[in-house]
């Protein structure tokens, strides 16, 4: 049976895994599974078609329809860390004053460490089981959560409550905005920059669309819904133009341009 680490040391071990979404969660999931290999704790790994993307379910106590317990849910993957933007190794936990720095400390390996030790140290859970559900690929569309939802008989074994440990500055958040990804392809016609009238500049065409999207973004501020008040300073659907890319060289009229945006609709 593995020894129980302090919350801080466990977080240090978790941060050390480069679990950027594209790399996969197999290595960190193997560590979590080994750490939770203890009497009275049962665990399963759930994979999709990619063996590198591993999700984990672990629990203590009998799972039965009449014994609905608590689920602590989180994700094992992190967003990429550009090392040239860091003064330290992003995959090494660094303490500075009262703060801890490292990729994923807040979102959300800190919670993962606390949840793991809570399950390890939990007393008898015969009446109300305690379950951990850790997913992969959350940062790129909650893909692991979908795999878990499809594999777990939630209709037969629904939890009494689920706590998702995302960073919220310790506020209780009951819901989130949705997320729609939109990609717009703008087509033009290539030509040499010396004779641009023989072509059609796709980037210039895209600017018309971008301007219209800006008008739409501002108009969305007037849209509300039954749960608008739950979103504080942003009680409206949000639209963000996140990426624009096109062209091959400054002496070539671009024949294509792509606009990528995200829309965050309100619940309901």
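Residue numbers (the numbering used here): 16 to 283. The beta carbon of each residue, even a glycine, is placed where N, CA and C say it ideally should be.
Would you call residue i buried or exposed, if buried means 16 or more other Cβ atoms sit within 10 Å of its Cβ?
| i | result |
| --- | --- |
| residue 213 | exposed |
| residue 196 | exposed |
| residue 188 | exposed |
| residue 102 | exposed |
| residue 216 | buried |
| residue 134 | buried |
| residue 311 | The first residue shown for the chain is 16 and the last is 283, placing residue 311 beyond what the model contains. |
| residue 119 | buried |
| residue 41 | buried |
CB-CB under 6 Å to residue i, same chain, minus the five flanking residues each way: which ones, in chain order?
| i | result |
| --- | --- |
| residue 210 | none |
| residue 176 | 85 |
| residue 47 | 71 |
| residue 36 | 92, 152, 154, 155 |
Looking at residue j and residue i, is the spacing between their C-beta atoms short of 8 Å?
| i | j | result |
| --- | --- | --- |
| residue 178 | residue 88 | yes |
| residue 174 | residue 86 | yes |
| residue 264 | residue 203 | no |
| residue 70 | residue 162 | yes |
| residue 60 | residue 44 | yes |
| residue 76 | residue 143 | yes |
| residue 131 | residue 180 | no |
Which same chain residues end up closer than 7 Å to residue i when comparing Cβ atoms and leaving out the 5 residues on each side of it in sequence?
| i | result |
| --- | --- |
| residue 125 | 26 |
| residue 292 | With the chain covering only 16 through 283, there is no way to say anything about residue 292. |
| residue 257 | 275, 276, 277 |
| residue 218 | 261, 262, 269, 272 |
| residue 198 | 273, 275 |
| residue 83 | 173, 174, 175 |
So the candidates are the options; which of them puts its Cα closest to the Cα of residue i?
| i | options | result |
| --- | --- | --- |
| residue 108 | 61, 217, 168, 117 | 117 |
| residue 5 | 255, 206, 237, 247 | The requested residue 5 is not part of the displayed model; the chain covers only 16 to 283. |
| residue 28 | 74, 105, 96 | 105 |
Which same chain residues end up closer than 8 Å to residue i when comparing Cβ atoms and leaving out the 5 residues on each side of it in sequence?
| i | result |
| --- | --- |
| residue 243 | 250, 251, 281 |
| residue 208 | 265, 266, 267, 268 |
What separation, rounded to the nearest whole angstrom, lies between the Cα atoms of residue i and residue j?
| i | j | result |
| --- | --- | --- |
| residue 78 | residue 278 | 38 Å |
| residue 67 | residue 94 | 16 Å |
| residue 39 | residue 206 | 42 Å |
Just to check, is the beta-carbon of residue i closer than 7 Å to a non-hydrogen atom of the ligand PLP?
| i | result |
| --- | --- |
| residue 116 | Among the components modelled here there is no ligand, and therefore nothing to report on the ligand PLP. |
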